[in-house]
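FYI, in my numbering the residues of the sequence shown are 402 to 750. Written below as structure tokens is the structure these notes are about.
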Amino acid sequence: MMIIMKSNATEEQIEHVIQHIYEAGLRPHLSRGVETTVIGAIGETHTIPTERFECLPGVEAVRRITHPFKLASRQFHPRSSLVTLDGFQVGGEGIAIIAGPCSVESRTQIIETAHAVKEAGACALRGGVFKPRTSPYSFQGLGEEGLEYLAEARAQTGLPIVVEIMSHSQLPLMETFVDVLQVGARNMQNFDLLRAIGKSQTPVLLKRGLSATIEEWLMSAEYILAGGNEQVMLCERGIRTFETATRNTTDINAIPVLKHLTHLPVLLDPSHSTGHADYVAAIARAAIAAGADGLLVEVHPDPAHALSDGKQSLTPEQFAEMVEEVRKIAQIFGRHLVQPAAERALYGR
Ligand code: PEP
Ligand code: MN
């Protein structure tokens, strides 16, 4: 439920409404705009009549949010949210291209890739260190050693780092190293993990589950937002369908649907959604044309010898070509690529 305050509402009136929200067994969520203050009443609101708040002094109107996701919904927050990373924002006019290998494999591999993707126009570096592999015998990632290499790559290039977190027990370690916590498809409904990162201040990239509906996905985002972490970005990464020609089926529809339903930034991962390097650039272009705020792309200096997802990884040269194509599409729609961050001389955040 959204309680819209009159533009001349006093602090006391706002406080009074908040007290009533607690008394109704709900949680308040205050957002102060330039003109109006809106107070969200979060919880099981369907049994509570709107009149309970409509009659309070300073209240202009009370509206129900019809979707099951509340804080994530555009009804609740009509303006698009911006997620701030080092020196730039995702979700505004800029298009953010995050690129790097599926897995960090060695110091040289990640540092070489970081310089190459930055040169080509990426604004952030991705790299997995805890890998959710289908087989327990496949490469599982370098763990903390990989985080050290990523930190060094960030120190050399200034690119913020995006790394997948697999379990809530990894949170303290991840928070000290990474700029964005990636929640992978397999963990989209790991509610313990979602609750834990809801308490974190680190921005989150929440990927869509392998066969999750858009509503289920937004409910997962709701867990993080309800915990107090508002820095959430969504990433479509393809869904399971009957089609086997590609690894997954890119749900391009998800982009305009999400833009309609939520204020959160929407990215697309053309690497996992196609599973094939030859198709990545086409789907990257389609994503930007459909209104995505950014891309997450796998790039490897030697895809044939990659320890994970080589088939779908672009070489740095292919990536540079893709970026130029995406740049043209972005321009058609009056958007631009977010600039790579400035060089940073020091290690760490
Ligand atoms: C990845 O980004 O390397 C990854 C494992 O992605 P997803 O969770 O979308 O499968
Ligand atoms: Mn991968």
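For each residue, glycine too, the CB sits at the ideal point set by N, CA and C.
Item, Value
"Straight-line gap, R453 to V491 (C-alpha atoms, nearest Å)", "38 Å"
"Separation of S674 from T645, as counted between CA atoms", "12 Å"
"Runs of alpha helix (DSSP H) lying entirely within the segment 570-648, each at least 4 residues, in chain order", "572-578, 592-599 and 615-628"
"Within 8 Å, strictly: CB atoms of V505 and V530", "yes"
"Any non-hydrogen atom of ligand 2 closer than 7 Å to C503 Cβ", "yes"
"CB of I415 within 8 Å of CB of I440, strictly", "yes"
"Helix, strand or coil at R745 according to DSSP, with G and I counted as helix", "Since pLDDT at R745 reaches only 42, below the 50 mark, its modelled position is unreliable, and no value is offered."
"Collapsed DSSP secondary structure at L696 in the structure displayed", "strand"
"E416 CB to nearest heavy atom of ligand 2 below 7 Å", "no"
"Straight-line gap, L738 to F540 (C-alpha atoms, nearest Å)", "33 Å"
"Cβ-based burial, V435 [other Cβ within 10 Å; buried from 16]", "exposed"
"Contact test: P604 Cβ vs ligand 1 heavy atom, cutoff 7 Å", "no"
"Assumed close pair A515, A473 - CB separation to whole angstroms, cut-off 8 Å", "Not quite, the Cβ-Cβ distance comes to about 32 Å (not below 8 Å), so this is no contact."
"Proximity winner among K660, S536, A497 and S482, relative to V518 (alpha-carbon distances)", "A497"
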